Amino acid sequence: MKFASTRGQAPQVGIDDALAAGLAPDGGLYVPVTIPQVTITHAGATLADTAAVLLAPYFEGSRLAAQLPDMCRSAFDFPVPLRPLKQSGDYLLELFHGPTAAFKDIGARFLAEALSRLRAPDAPPTTILVATSGDTGAAVGAAFHRREGFQVVILYPDGRVSPRQAHGLGCFGDNVQVLRVDGTFDDCQRLVKQALTDASLRETAVLGSANSISLGRLLPQMAYYAHASLQFRAEHGEPLNFVIPTGNLGNALAAWLARSMGLPIGEIVLASNANDVLPRYFAGADYQPQPGKATIANAMDVGAPSNFERLRWWHDDDAAVRASMQACSVDDDQIRQAISAAPDRHGVVPCPHTAIGLHALEGLRAKGDRRPWAVVATAHPAKFETVVEPLVGHVVAPPPALATALARPASAEPLGLDYAAFRDGLSAHTATA
0 MKFASTRGQA PQVGIDDALA AGLAPDGGLY VPVTIPQVTI THAGATLADT
50 AAVLLAPYFE GSRLAAQLPD MCRSAFDFPV PLRPLKQSGD YLLELFHGPT
100 AAFKDIGARF LAEALSRLRA PDAPPTTILV ATSGDTGAAV GAAFHRREGF
150 QVVILYPDGR VSPRQAHGLG CFGDNVQVLR VDGTFDDCQR LVKQALTDAS
200 LRETAVLGSA NSISLGRLLP QMAYYAHASL QFRAEHGEPL NFVIPTGNLG
250 NALAAWLARS MGLPIGEIVL ASNANDVLPR YFAGADYQPQ PGKATIANAM
300 DVGAPSNFER LRWWHDDDAA VRASMQACSV DDDQIRQAIS AAPDRHGVVP
350 CPHTAIGLHA LEGLRAKGDR RPWAVVATAH PAKFETVVEP LVGHVVAPPP
400 ALATALARPA SAEPLGLDYA AFRDGLSAHT ATA
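Quick note: the sequence shown uses numbering that gives the first Met the number 0, first residue 0, plus one each step.
Written out as structure tokens, the structure reads:
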């Protein structure tokens, strides 16, 4: 299979080259030139089994094709349960049982497996650049920590992630460098994209990306939607609909892509925080990125969602994009109300991002929607204890892997918004790798 740039000014490549590059040379995002159709009648015995079948068409002709089942077993070795909530027809798809207690573990671990296996033994070190609004960086740091031949540079917006998220970003050391940026997530993302398309920098450094702009992150995220929807149809005979907390749009785009491949996925609702670029667009306004606003659901504080470029590429016009899914916006007060009510109403304690999904679900139910819906639980609530614990009135214990990370020392270096300074630091870092 071939992959093209969303901007149309770069040659088509195979998936091995797309994974290694991260971003296309023209600044666009790689997309498969066609969306393959699959016939999967039932979920595999494990998530890894389902993933291997679902991803196989994208790896035709790849050096990794024969290794795909083993890659999936290595990456997807933790559960992603579909948990019934109190009200009949309501479910939670729990994606926070990985090593950093967030859904980003799934894509990051698969990407690390792929890049490790593609790397030649005598190749120079690859520096993985990643901008994070809170959870991506930790997942990438964990996935690449101490992997031979890789350095990781993580950029996060200083003061705009939770204290435990910040600790989880800076606790690795070794081959993982962390920069706390004096700006927003969108500023971090801009610096990373600028570096990845800097031809002179790439003459002296081997760079890769692990943001959701990477196909190696996007494609494996389809697996949990496929697995859950196939299990649900087998048990209930109908498609499962999803409410997806949405920031950079990668998670929701994975659901859309899985549905486009033929999986039994019903409607998709994007549930955003006060960064409402997508809800305004889906309501009929022009797509207009804005500076990111700080909210208590900080991992979704994105004002310029990168994956919108992919979504638009796959559709003929704005009307077709808007027909593909719905979107809504939830403010901080509504997030707090949803967290407070969730233990009694749903039987769970949610993180702020999952609470946005629960609030959106309640809106659907209030309008009389009786179809089965699953809210995607993107992170463990213990990562946001300063927000969640005062609202639910008790301590939320971190899962074991998160507790281990919090027990390690952590550090991060300051960085301004000057690209030249970032580039110089990156050159020095890669020179000593």
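Even for Gly, the Cβ is constructed at its ideal location relative to N, Cα and C.
Since we're looking at a predicted model, the values are computed, not measured.
- Return the chain-ordered list of same chain residues with a C-beta closer than 8 angstroms to the C-beta of Ala337, the five sequence neighbours on each side being excluded. If you number the sequence shown from 1, residue 337 lands on position 338. Val329, Pro349, Ala354, Ile355, Leu357, His358, Glu361.
- Message: I'd like the list of long-range same chain contacts for Val191, defined as Cβ closer than 8 angstroms, with 5 residues on each side in sequence excluded.
- Response: Numbered from 1 along the sequence shown, position 192 holds the residue referred to as residue 191. Excluding sequence neighbours, Val191 sits near Leu128, Val129, Ala130, Leu154, Ser208, Asn210.
- Task: Pull up the DSSP beta-bridge partners for Gln333, would you.
- Result: As a first step, residue 333 must be located in the sequence shown, where it is residue number 334. Looking at the DSSP assignment, Gln333 forms no beta bridge with any residue, so it has no partner.
- Runs of alpha helix (DSSP H) lying entirely within the segment 155-223, each at least 4 residues, in chain order: Counting whole runs of 4 or more residues, the segment 155-223 contains the alpha helix (DSSP H) stretches 162-169, 184-195, 198-203, 214-217.
- Curious, which full-length beta strand (DSSP E) runs of at least 3 residues does the segment 68-152 contain? 81-83, 89-93, 125-130
- Message: Quick check on the burial criterion: 16 or more other C-beta atoms within 10 angstroms. Buried or exposed for Ser4?
- Response: Translated into positions along the sequence shown, residue 4 becomes position 5. Buried, by the Cβ-count rule.
- Environment of Thr236 [buried if 16+ CB atoms lie within 10 Å]: One-based indexing of the sequence shown puts residue 236 at position 237. The residue you asked about is not Thr; residue 236 is Gly in the sequence shown. When all chains shown are included, Gly236 counts as exposed.
- Query: Is it buried or exposed for Asp285, if we count other Cβ within 10 angstroms and need 16 for buried?
  - Reply: Your numbering for residue 285 matches position 286 in the sequence shown. Exposed, because fewer than 16 other Cβ atoms sit within 10 Å of the Cβ of Asp285.
- Would you check if the distance between the CB atom of Phe281 and the CB atom of Ile264 is smaller than 8 angstroms? Position 282 of the sequence shown holds residue 281. Position 265 of the sequence shown holds residue 264. The Cβ atoms of Phe281 and Ile264 do not sit closer than 8 angstroms to each other.
- When you compare only the Cα positions, how much space is there between Ser87 and Gly261? Translated into the one-based positions of the sequence shown, residue 87 becomes position 88. Translated into the one-based positions of the sequence shown, residue 261 becomes position 262. One C-alpha to the other measures close to 26 angstroms.
- Which residue or residues does DSSP assign as beta-bridge partners of Ala44? If you number the sequence shown from 1, residue 44 lands on position 45. Answer by DSSP bridge pairing: none, since Ala44 is not bridged.
- Query: CB-CB under 8 angstroms to His166, same chain, minus the five flanking residues each way: which ones, in chain order?
  - Reply: Translated into the one-based positions of the sequence shown, residue 166 becomes position 167. Cβ within range, chain order: Ala404, Leu405, Ala409.
- Query: Expressed to the nearest angstrom, what Euclidean distance is found between the alpha-carbon atoms of Asp332 and Ile14?
  - Reply: Within the sequence shown, the letter at position 333 stands for residue 332. Within the sequence shown, the letter at position 15 stands for residue 14. About 43 angstroms.
- Pick helix, strand or coil for Asn457, following the three-state DSSP scheme. Nothing in the structure corresponds to residue 457, since the chain is present only between 0 and 432.
- Euclidean distance between Cα positions of Asp16 and Ala42: Residue numbering aside, residue 16 sits at position 17 when the sequence shown is read from its first letter. Residue numbering aside, residue 42 sits at position 43 when the sequence shown is read from its first letter. So the alpha carbons of these two residues sit roughly 30 angstroms apart.
- Task: Could you pull the start and end residues of the alpha helix (DSSP H) that Pro278 belongs to?
- Result: In the sequence shown, counting from the first residue as 1, residue 278 sits at position 279. That run of the alpha helix (DSSP H) goes 276-281.
- Contact set for Tyr29: own chain, Cβ-Cβ below 6 angstroms, skip 5 residues either direction: The count along the sequence shown starts at 1 and reaches residue 29 at position 30. Here the set comprises Phe2, Ala17, Ala23, Leu214.
- Query: Can you give the Cα-Cα distance for Thr451 and Gln220, rounded to whole angstroms?
  - Reply: Given that the chain is displayed from residue 0 to residue 432, the structure contains no residue 451 and the question cannot be resolved.
- Could you give the residue range of the alpha helix (DSSP H) that holds Val386? Working through the sequence shown from its first residue, we reach residue 386 at position 387. 384-391 is the extent of the alpha helix (DSSP H) around Val386.
- Short check: CB of Leu218 to CB of Tyr57, under 8 angstroms? Locating residue 218 in the sequence shown gives position 219, where the first residue counts as 1. Locating residue 57 in the sequence shown gives position 58, where the first residue counts as 1. Yes.
- Message: Could you compute how far the alpha carbon of Arg258 sits from the alpha carbon of Asp157?
- Response: Residue 258 sits at position 259 when you count from the first residue of the sequence shown. Residue 157 sits at position 158 when you count from the first residue of the sequence shown. C-alpha separation (whole angstroms): 37 angstroms.
- Query: Trp255 by DSSP, collapsed to three states: which one?
  - Reply: Looking up residue 255 in the sequence shown gives position 256. Looking at Trp255 - three-state DSSP - the assignment turns out to be helix.
- Which residues mark the beginning and the end of the beta strand (DSSP E) in which Ala270 is found? Here residue 270 corresponds to residue number 271 of the sequence shown, with the count starting at 1. 264-271 is the span of the beta strand (DSSP E), which, as asked, contains Ala270.
- Query: By Cβ distance below 7 angstroms, which residues in the same chain neighbour Glu112 in space, the five residues on each side in sequence not counted?
  - Reply: The residue given as residue 112 occupies position 113 in the sequence shown. So the qualifying residues of the chain are Met70, Ser73, Ala74.
- Query: Is Gln325 helix, strand or coil when you go by DSSP?
  - Reply: Start at 1 with the first residue of the sequence shown, and residue 325 comes out as number 326. Looking at Gln325 - three-state DSSP - the assignment turns out to be strand.
- Task: Go ahead and pull the three-state DSSP assignment for Ile34.
- Result: Here residue 34 refers to the residue found at position 35 when the sequence shown is read from its first residue. DSSP, read as helix, strand or coil, puts Ile34 in coil.
- Message: According to DSSP, simplified to helix, strand and coil, what is Asn240?
- Response: Numbered from 1 along the sequence shown, position 241 holds the residue referred to as residue 240. If DSSP states are grouped into helix, strand and coil, Asn240 belongs with the strands.
- Measure the C-alpha to C-alpha separation of Thr196 and Leu114 and round it to an integer number of angstroms. Residue 196 sits at position 197 when you count from the first residue of the sequence shown. Residue 114 sits at position 115 when you count from the first residue of the sequence shown. Cα to Cα, the separation comes out at about 19 angstroms.
- Message: Does any residue of chain D have a CB that is nearer than 8 angstroms to the CB of Leu28?
- Response: The structure shown contains no chain D; it holds only a single protein chain.
- Query: When DSSP builds the beta bridges, which residues end up paired with Tyr29?
  - Reply: The sequence position of residue 29 within the sequence shown is 30, counting from 1. Looking at the DSSP assignment, Tyr29 forms a beta bridge with Ser4.
- Task: Jot down the residue ranges of each uninterrupted beta strand (DSSP E) in the segment 398-429, minimum 3 residues, whole runs only, in chain order.
- Result: DSSP runs (the beta strand (DSSP E)) wholly in the segment 398-429: 412-414.
- Check whether Thr245 and Ala270 have beta carbons under 8 angstroms apart: Looking up residue 245 in the sequence shown gives position 246. Looking up residue 270 in the sequence shown gives position 271. It is a contact, given that the beta carbons lie within the stated cut-off.
- What do you reckon, is the C-beta of Ala420 under 7 angstroms from a heavy atom of the ligand ATP? Among the components modelled here there is no ligand, and therefore nothing to report on the ligand ATP.
- Message: Quick check on DSSP: helix, strand or coil for Ala376?
- Response: By 1-based counting over the sequence shown, the position of residue 376 is 377. Looking at Ala376 - three-state DSSP - the assignment turns out to be strand.
- Going by CA-CA distance only, name the one from Phe171, Pro162, Ala303, Lys103 that's closest to Ala381. Looking up residue 381 in the sequence shown gives position 382. For the residues Phe171, Pro162, Ala303, Lys103, the minimum Cα distance to Ala381 belongs to Pro162.
- Select from Gln188, Ala373, Ala365 the residue whose C-alpha is nearest the C-alpha of Ile267. The sequence position of residue 267 within the sequence shown is 268, counting from 1. Of the listed residues, the one whose Cα sits closest to Ile267 is Ala373.
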